[in-house]
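Q: Protein chains in written order, with UniProt numbering: chain A, 1 to 437; chain B, 1 to 437; chain C, 1 to 437; chain D, 1 to 437.
Following this message is one structure expressed as structure tokens.
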């Protein structure tokens with residue numbers, strides 16, 4: 001069969017860079033990716049994808065850590081003012097900022113799923129003149145929001161790949177499903193897309209990340225070592241009283257929270273593997289001379305296995321409720337994020353290694369690398385695909401970092417996006433080599 | 001009316017000293033005053049008193065902090081070997097070591113009650129050659145038991161007074177009731193004698209103590225400042241596990257207890273007055289490499305008023321149960337002692353001041369003096385007598401102390417006993433002066 | 001001597017109310033009373049007072065809890081925009097917002113000192129329609145600043161009195177010294193005015209407060225029960241690290257602060273009297289998954305005597321530094337407020353009682369009343385005056401309160417200001433009656 | 001060469017069992033193995049070994065966790081009364097209870113070292129009739145001392161092997177060195193024998209243990225997973241005070257220790273591997289109403305590597321000293337035990353596997369097995385031998401256990417001793433096969 005290949009990754013690269021810088025400049029944090037998601041949907045539709053967005057691909061009950069109504073409203077307005085596509089906003093409104101685009105070749109073949117995350121961090125970007133986004137004029141315009149983890153590049157890689165595949169549709173078989181996910185930071189979003197069934201028909205699944213300590217030119221065919229994690233917010237509510245005149249009338253929420261903190265860190269190690277506990281934020285009290293009536297903690301637990309994480313979580317909740325009981329204060333806990341552990345499918349890793357080693361710019365492919373004892377909610381998708389009999393892997397595309405992930409001066413070598421698009425294109429295009437094995 | 005006064009306090013003094021030294025040498029701690037109580041009962045009966053002992057004067061349910069069965073048995077055996085009166089032991093057996101002796105003059109008149117406590121402390125007496133009981137050969141023979149608070153003198157004062165009054169019965173009117181109380185240390189015994197009704201018929205009540213920082217020759221007509229107090233034992237029970245191989249299987253009682261300790265001391269002050277909390281003893285764990293499955297605390301709360309003590313106690317129990325819940329361990333709390341606050345009757349204090357000021361050896365009488373922020377369970381008796389319309393006071397007879405109360409070198413100037421007997425004899429003999437006012 | 005009395009308190013009352021409402025509307029918190037102080041200085045000068053302001057009456061080193069340079073600057077601009085007197089701003093600039101006005105009669109006689117505090121609280125005023133300042137249109141225009149303690153009235157009473165006395169100067173003898181103090185809230189300002197020597201020449205001293213639970217028509221001739229207090233800010237600085245990948249590299253400031261909290265509340269009670277400790281505010285950490293590198297506490301200690309407060313403070317500092325050492329974090333403590341205990345001079349209280357009982361509107365004068373286990377830094381002035389041989393008292397002028405002090409709906413019955421001005425005028429005018437005794 | 005083999009393990013087995021039961025009956029805990037060591041020395045000498053005992057083989061400075069002088073004296077007396085060899089007691093006196101026996105064949109060849117530990121646990125043996133040592137009449141006679149870990153068997157295996165080799169000396173080459181070590185429990189003894197140089201000339205080293213969860217008939221050729229550990233005792237010393245009358249005069253050691261406990265368990269996990277911390281024993285205070293002036297903790301730290309253990313230990317000491325500083329109490333820490341991690345030499349494991357697989361009773365040989373996240377101080381010897389260029393391994397000889405190690409009903413299948421002696425005899429006899437490779 002003769003086909004006319006209209007574009008290559010080389011042709012598209014300038015546009016991919018442009019997109020990435022535009023997303024960087026209009027960084028949007030978890031569940032408020034209104035502008036980003038609307039533009040993604042708009043372009044996918046333009047390129048011939050069957051597009052779904054909003055509640056159809058984001059299960060309402062399964063979302064975690066969603067901001068307040070008023071903040072969602074305000075951000076939607078901000079997005080519109082910054083050029084969001086008005087056609088798609090009604091779907092996304094209220095924080096349903098997931099988008100799925102399907103390319104159906106009409107020919108028999110497997111369904112390949114690809115996941116790209118779109119959200120920025122709650123972080124103020126550096127205004128230092130040496131910081132490339134400042135120098136090149138694309139630093140974030142949005143207060144306390146910054147793409148300091150590379151999701152601007154992920155979204156752009158996804159778009160570049162989508163455009164390329166749409167132009168080369170004739171060469172493909174089966175279906176290709178693009179999953180653009182909100183709220184990966186805080187591991188809040190993937191669970192709700194899985195619950196909406198978006199990966200239930202996927203046979204071969206690729207998630208990917210750039211950077212993570214891997215040098216430019218290196219690709220990891222299947223990362224491992226994701227820690228299972230749960231994020232909880234804790235609110236203690238006691239009773240205020242004047243600390244001088246009648247302290248005995250108070251119910252001290254700050255003291256309950258301090259007691260919880262000491263005991264949370266003291267949860268026993270688990271002999272089956274690594275575990276973690278952290279209280280990252282503690283805010284309590286209103287005035288020096290008032291017995292504090294409120295205290296808020298941001299807590300996370302982690303485990304080398306889901307079981308270890310569950311063990312730590314169970315102990316943590318017991319401690320939190322016990323501490324409240326000790327001081328006769330009320331307490332409320334909310335799970336605002338959760339991720340699993342997952343391993344990449346060994347067979348799929350072999351296919352990746354064979355397929356991408358000759359891509360231009362690729363120096364080496366390694367079979368695995370720990371994900372830095374960090375967590376990722378793409379693991380929900382990997383696990384679901386594998387549970388249904390499919391294959392899944394988590395790729396890392398190395399790049400040079402100006403500063404570490406989540407740092408105010410984080411920046412990437414954009415050429416990694418070219419390697420990523422080329423690699424993923426080849427992996428999708430040749431997937432029958434894998435599935436026919 | 002002509003009477004033949006057979007004895008005076010001067011005649012009896014050598015015998016009183018002898019008794020005191022004998023009791024000192026055979027010191028018996030709370031609820032095991034088998035020898036002391038049996039000898040008291042025996043002598044009172046000999047002198048014509050109507051004597052009751054054991055369950056009739058000690059309510060079983062209201063006893064607090066009673067030692068184990070096996071210890072009670074062993075101590076009863078020890079007492080017998082040391083000369084206890086076998087006739088009375090069956091009444092006292094099992095830790096019912098209270099004795100009441102009634103002198104009924106047959107003439108109309110008020111019932112005067114007097115309380116004397118008999119128990120020693122759990123303390124090893126000094127073996128220093130300079131310590132008078134060592135020098136004079138009457139140091140305690142009983143392991144880890146010592147009269148370091150003066151109750152040996154109290155019992156001897158009571159006996160001296162009882163003998164004197166029995167010989168001078170004709171000069172008296174109404175009734176005189178001697179209450180010899182066990183287990184004042186740890187404030188464990190008075191409540192059970194009150195519950196048995198021993199002060200219900202008392203019109204005028206005297207409790208007394210020697211020393212307490214008052215110099216020899218001075219008498220306090222009515223002490224105040226008794227702190228209300230509750231003594232609790234706390235037992236946490238968790239689950240042992242090897243700290244190296246499977247720490248996550250343990251339930252750490254030591255950690256729960258440590259958490260309780262920090263929060264117990266942190267109970268808020270009360271604006272209505274002084275409060276106290278103390279964890280005096282902490283014993284936990286069996287081996288360095290085992291997650292500790294048991295922890296025992298000895299705790300006490302105090303308050304300037306009974307309400308304040310109840311406030312501290314309520315908080316303390318809440319903390320203890322909350323700490324157990326945090327670490328998923330069981331906990332048991334036992335009230336092993338309790339005392340109230342009480343004020344002496346002002347009218348009775350005036351009577352005391354007028355009556356004792358001319359007693360030989362008395363230099364001055366002061367109207368009140370704080371009881372050193374300590375606690376006393378005679379307060380149960382004072383409160384009961386006053387509640388039923390009677391009058392009650394708590395006297396202090398000053399004496400020179402070799403070392404402070406509860407010190408291993410505690411010793412008194414025995415001549416204070418002479419002043420005490422003489423004062424109490426006059427107070428009892430002239431009580432109609434008070435009641436007829 | 002014939003004098004023409006130009007005004008009475010009745011004549012001035014409408015103006016006093018107008019001032020009070022103007023100050024209320026332009027509430028200024030501690031050390032930024034630029035508008036208030038400049039207007040006070042301006043008027044005193046207009047009425048013939050010898051006026052000193054700024055560093056001459058506020059010792060730089062002794063100021064406590066001064067806001068940041070940038071906030072001071074911003075607030076000075078705000079004050080100017082709201083009508084501050086530009087003549088006086090240079091004196092006050094940088095947070096030296098104290099003013100002293102001297103009326104020298106030229107005649108021999110004692111120097112009478114009067115202290116009025118001018119600062120508002122850091123509190124958002126209620127916008128409820130039922131709140132009188134809202135209804136009458138004089139609610140605070142300044143963000144998070146509100147006169148919820150009555151210092152707007154105090155300043156207006158001071159001005160009313162100053163105007164009245166200046167008009168009646170001929171009837172007076174000696175000198176009258178008006179001390180307008182900044183930053184009483186948080187007990188931060190008085191010490192610096194005392195250190196500048198403003199009360200060193202005062203023979204008879206009056207401080208006063210309205211409200212404090214005393215009903216309208218009642219005056220307290222000398223409040224007591226001020227708790228000695230110290231306010232400290234605590235900053236722990238550790239080292240951040242990712243809680244998942246390398247927690248062992250962190251130095252946990254939040255954990256150090258939690259440990260401090262539990263132990264601070266656990267400081268032992270003092271047998272000599274009441275004590276207090278409170279941690280009113282706890283703020284720590286930046287993100288859930290980061291070992292927290294900073295923690296800030298707002299702490300206060302109190303004692304029934306200055307010695308007890310010093311005892312608690314010493315223990316507190318020891319605990320704070322020990323907690324930092326445990327977790328290898330840095331710690332910095334700042335004393336941001338301090339007040340003493342003080343008793344009013346008994347002789348002066350008698351003078352007050354005799355003098356004010358017939359003032360119109362006064363129903364009763366009581367000799368003392370506890371100041372609600374609260375603290376006041378006017379005690380620095382009372383103590384200094386008494387130390388130098390003078391007499392000092394702290395008056396309370398009762399008033400009806402819409403809500404308690406420091407409440408967002410606090411409001412007063414303004415007629416109490418009339419009683420206060422009339423009482424103080426009489427006390428100043430007849431002071432020779434007292435000093436000649 | 002023709003040799004006359006006088007005995008086999010079968011011949012010796014009854015005697016080995018007899019020895020084991022005798023040692024079991026006269027169980028001696030760490031550093032007081034006076035009877036055991038003297039009998040070992042006596043027999044080795046009798047069989048022609050060059051014997052050294054006491055300070056020559058136990059470095060005084062490097063001993064850890066040595067009991068008090070008085071206890072050592074008392075136990076030496078007890079040992080003599082129970083049949084210790086008086087000839088050797090002077091060497092062992094004071095707790096130098098190590099013995100080394102050298103068999104020099106006079107022929108060239110490697111020096112083989114073998115280590116056997118001799119101490120019992122501080123544990124009361126079960127008196128249950130079903131417990132074999134009870135049934136067979138050899139339960140421990142010594143109060144609170146029990147061979148519940150199998151060292152009675154280890155010592156007997158060593159003696160059996162020594163006797164066997166001495167009789168077969170002619171068949172051997174090189175030297176064989178028997179190291180009988182005291183105080184393995186609490187990992188207190190090995191370091192001092194290494195410091196005395198006892199393994200410095202060893203080329204091939206075998207340590208061994210019976211049981212540890214391995215079934216009878218199985219041998220582990222080289223155990224791994226020993227956690228590095230440090231054992232510390234902590235003594236806090238404060239100041240007593242009456243908790244009612246003057247609590248502020250106390251310095252609360254119990255409160256300092258509780259604070260330490262909470263923070264010790266809260267030491268951060270280490271990302272490089274497993275870590276442990278435990279506070280196994282907490283004893284504090286003398287009486288309920290006394291501010292506690294003393295507190296004692298038994299603490300242990302562990303790490304998957306020596307570096308991790310050092311990290312935990314450093315944090316722990318910092319916490320302990322910080323907690324003392326917080327409460328102004330003194331603190332003293334003593335290292336009373338220490339062990340390293342170590343890996344067995346792979347080459348030696350292969351030799352073991354090949355050599356012992358055909359021994360009678362051996363079903364299988366496995367190449368490694370985790371040592372149950374426990375610790376062993378033979379690791380000091382393994383590490384020293386390997387550092388000097390030699391080979392070392394840690395064998396496990398499986399056996400059936402009546403109850404787990406350190407349990408009051410621990411008991412073994414004695415036939416495992418036969419397998420152990422036979423295996424070690426073959427390993428020693430054929431060592432040239434290994435060294436000549």
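From the three backbone atoms N, C-alpha and C, an ideal C-beta is built for every residue, glycine too.
#1: Do the CB positions of residue 116/A and residue 206/A come within less than 7 Å of each other?
#2: When DSSP labels each residue in this structure, what does residue 409/C get in the three-state scheme?
#3: I'd like to know whether the C-beta of residue 68/A is nearer than 7 Å to at least one C-beta of chain B.
#4: Check the Cβ-Cβ distances between residue 311/C and every residue of chain B, and say whether any is below 7 Å.
#5: Does the stretch 18–26 of chain D come within contact of the stretch 197–205 of chain C, defined as at least 3 CB pairs closer than 8 Å?
#6: Does chain B have any CB closer than 7 Å to the CB of residue 140/D?
#7: Cα-Cα, which of 315/A, 54/A, 273/A is closest to residue 192/A?
#8: Tell whether a beta-carbon distance below 7 Å holds between residue 337/B and residue 95/B.
#9: Quick check on residue 252/D: does DSSP put it in helix, strand or coil?
#10: Which ranges would you report for the beta strand (DSSP E) in the UniProt domain "Peptidase M20 dimerisation" (232–317) of chain D if only whole runs of at least 3 residues count?
#11: Which residues, in chain order, does the stretch 33–59 of chain B contribute to contact with chain A at a C-beta distance below 8 Å?
#12: Cβ of residue 319/A less than 7 Å from any chain B Cβ?
#13: Starting from the N-terminal side, write out each stretch of the alpha helix (DSSP H) that is 4 residues or longer and does not extend beyond the stretch 171–219 of chain C.
#14: In angstroms with no decimal places, state the Cα-to-Cα distance between residue 369/D and residue 241/B.
#15: Per DSSP, what kind of secondary structure is residue 41/D in: helix, strand or coil?
#16: Looking at chain C, is there any beta carbon in it that lies within less than 7 Å of the beta carbon of residue 340/A?
#17: If distances are taken between C-alpha atoms only, which option among 88/C, 70/C, 158/C, 114/C comes closest to residue 9/C?
#18: Taking only beta-carbon positions, decide if residue 282/C is within less than 7 Å of chain A.
#19: Alpha helix (DSSP H) containing residue 100/B: first to last residue?
#20: Within 10 angstroms of the Cβ of residue 423/C, are there 16 or more other Cβ atoms? Answer buried if so, exposed if not.
#21: So that I know if they touch, is there some Cβ in chain A lying closer than 7 Å to that of residue 333/B?
#22: Within 7 Å of any Cβ in chain C, is that where the Cβ of residue 13/B sits?
#23: Assess contact between the stretch 98–112 of chain B and the stretch 416–432 of chain A, defined as three or more Cβ pairs (one per stretch) separated by less than 8 Å. Is contact present?
#24: Between residue 3/A and the rest of its own chain, which residues show a CB-CB distance below 8 Å, the 5 nearest in sequence each way excluded?
#25: Checking the sheet assignment: what are the DSSP bridge partners for residue 155/C?
A: With the structure as the only source:
#1: no
#2: coil
#3: Not flagged as an interface residue toward chain B: residue 68/A, since no C-beta distance is shorter than 7 Å.
#4: no
#5: no
#6: Taking Cβ atoms only, chain B never reaches closer than 7 Å to residue 140/D, which makes this a no.
#7: 54/A
#8: The Cβ-Cβ distance between residue 337/B and residue 95/B does not fall below 7 Å.
#9: Residue 252/D sits in coil when the DSSP states are folded into three classes, being neither helix nor strand.
#10: 275–284, 294–303
#11: none
#12: yes
#13: 190–195
#14: Each residue's alpha carbon lies about 21 Å from the other.
#15: helix
#16: no
#17: 158/C
#18: yes
#19: Not the alpha helix (DSSP H): residue 100/B falls in the beta strand (DSSP E), residues 99–104.
#20: buried
#21: no
#22: no
#23: no
#24: In this prediction, residue 3/A scores a pLDDT of 45, lower than 50, which makes its location untrustworthy; no coordinate-derived value is stated.
#25: DSSP, once it has assigned bridges, lists no residue as partnering residue 155/C.
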